[in-house]
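Notes to accompany the following structure.
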Amino acid sequence: MASSRNTKKEKLGDRLITMVIAALIVITVVVVAYPLWFVLIASFSDPSLVASGQVTLWPRGLTLAGYELVIADERIWQGYGNTILYAVGGTTLNLLVTLPAAFALSRRDFRPRRTLLFGLVFTMMFSGGLIPSYILFHNLGLLNTRWVFILPVAVNVFNLIIARAFFEVSIPEELYDAARVDGVSFFGFFTRIALPLSGALVAVIGLYYFVQHWNDYFTGLVFIRDQSMLPLQNVLQSIILANQSSNVREVATVGAGGTTMQDARELADQIKYGVIIVSSLPLLVLYPFVQKYFNKGVMLGAVKG
592 MASSRNTKKE
602 KLGDRLITMV
612 IAALIVITVV
622 VVAYPLWFVL
632 IASFSDPSLV
642 ASGQVTLWPR
652 GLTLAGYELV
662 IADERIWQGY
672 GNTILYAVGG
682 TTLNLLVTLP
692 AAFALSRRDF
702 RPRRTLLFGL
712 VFTMMFSGGL
722 IPSYILFHNL
732 GLLNTRWVFI
742 LPVAVNVFNL
752 IIARAFFEVS
762 IPEELYDAAR
772 VDGVSFFGFF
782 TRIALPLSGA
792 LVAVIGLYYF
802 VQHWNDYFTG
812 LVFIRDQSML
822 PLQNVLQSII
832 LANQSSNVRE
842 VATVGAGGTT
852 MQDARELADQ
862 IKYGVIIVSS
872 LPLLVLYPFV
882 QKYFNKGVML
892 GAVKG
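Here the sequence shown is numbered in our numbering, starting from 592 and rising by one per residue.
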């Protein structure tokens, strides 16, 4: 009888804990998702209704004026093209450098691996600083060039450590021994065996790098003067700053002449919401396709552990 009561209490306690966890998850989802949802509905709503606070959950006064102005702005598409170039090119270089280096550092028969790994991890403890980086890039001829978005960030040590741990845990040592008996070289084992077995790693690390390049605005802000080389994030930043300073000439698009200051500000907000959606759309589309690789990576670690 006593054990039955204890079991009921335990079940009740488990249910309460489950309810609390579920409530926290719902609150977290709302807090995280609502800003994005608001930007989405605001981009389709009448800017005057958005400014007056009448748009909260659903779009009102449906309009595509913001998106029409965004599409008509050449700066947006130029920045879009630059960002795609930097993200795709940078991610490709990142994977070409990170994966071979991580595989080499994961091999126990690679003697200097501990020394090299210590040197790489040591660089994570401090930053070189803005002024030394600027001088270095100037001496290397990277200032005001597209290469400044790609070469200085050819490898991320954190991602390198993740890849190294994956190779150590997920690639059996017996497989390497069998390949060596068959006469497969070190490079051949990496390209023909290790990489095909590391699809989850490539997808996850590639996504990390892609997001890093896509969201980069500091590089363009400091090291680029040619407006034609600026990525989308810097274009978005210039629009937001122009909106904050109420500079109508920089914010309002051609054809909006004759409007009042309030109309110009509402138009600027409409453009801002449209640009945010346009700049975020590729990542929102990409994440669902990569999500399965995140789950697969978790399961691989669980099985090996």
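Heads up, the beta-carbon is just placed ideally off N, CA and C, and yes, glycines get one too.
Sequence-distant residues of its chain with Cβ nearer than 6 Å to residue i (five each side left out)
i    : result
M715 : V748
L733 : V739
Y658 : G865
G681 : I741, H804
Proximal residues to residue i (C-beta, below 8 Å), its chain only, five neighbours per side dropped
i    : result
F780 : Y767, A770, R771
L812 : N825, Q828
N838 : In this prediction, N838 scores a pLDDT of 46, lower than 50, which makes its location untrustworthy; the coordinate-derived value is nonetheless stated afterwards. No residues qualify anywhere along the chain.
V712 : V748, I752
L687 : none
Nearest-angstrom Cα separation, counted from residue j out to residue i
i    : j    : result
A633 : S871 : 15 Å
T674 : N685 : 16 Å
V641 : L627 : 15 Å
I741 : T654 : 39 Å
F809 : I830 : 16 Å
P947 : S636 : Nothing about residue 947 can be reported from this structure: the residues present for the chain run from 592 to 896 only.
L603 : M610 : 10 Å
A663 : M820 : 19 Å
I608 : I618 : 15 Å
Y625 : T647 : 10 Å
P822 : L832 : 16 Å
Q882 : A614 : 24 Å
Y884 : S639 : 43 Å
S789 : Y878 : 19 Å
L631 : V620 : 16 Å
P691 : Q645 : 55 Å
T709 : S697 : Looking at the sequence provided, one finds Phe at residue 709 rather than Thr. Rounded to the nearest angstrom, the two C-alpha atoms are 13 Å apart.
F717 : L676 : 29 Å
G672 : A791 : 28 Å
I868 : I752 : 33 Å
F629 : E857 : 16 Å
I616 : V793 : 30 Å
R699 : P743 : 29 Å
F814 : F880 : 34 Å
Q818 : A656 : 25 Å
V746 : G774 : 31 Å
I796 : R816 : 31 Å
T689 : T736 : 23 Å
Per-residue DSSP class, three states only, for residue i
i    : result
S639 : helix
P879 : helix
T810 : helix
A745 : coil
L627 : helix
Y884 : helix
R816 : coil
P873 : helix
L823 : helix
Cβ shell of residue i (< 7 Å), same chain only, five flanking positions each side left out
i    : result
V826 : R666, I667, G670
D605 : none
I762 : A785, L788
Y799 : N750
Exercise. At a cut of 8 Å, does the segment 749-758 reach the segment 724-732 through at least three beta carbon pairs?
Worked result: In short, these stretches do not touch, since the Cβ pair count stays below three.
Exercise. Which parts of the segment 691-735 are runs of the alpha helix (DSSP H), unbroken and 4 residues or longer, counting only runs that do not cross its ends?
Worked result: At a cut-off of 4 residues, the continuous stretches assigned as alpha helix (DSSP H) that sit fully inside the segment 691-735 are 704-713, 721-730.
Exercise. Just checking, does the segment 718-726 make contact with the segment 793-805 on the three C-beta pairs under 8 Å criterion?
Worked result: No, they do not touch.
For this session: Go through the segment 633-688 residue by residue and report every complete run of the alpha helix (DSSP H) that reaches 4 residues or more, in order.
Result: If we require 4 residues or more, the alpha helix (DSSP H) runs fully inside the segment 633-688 come out as 638-642, 656-663.
Exercise. For the segment 745-801, which segments carrying the alpha helix (DSSP H) assignment without a break, of at least 4 residues, lie completely within its bounds, in sequence order?
Worked result: As far as the segment 745-801 is concerned, its whole alpha helix (DSSP H) runs of at least 4 residues are 748-761, 764-772, 777-780.
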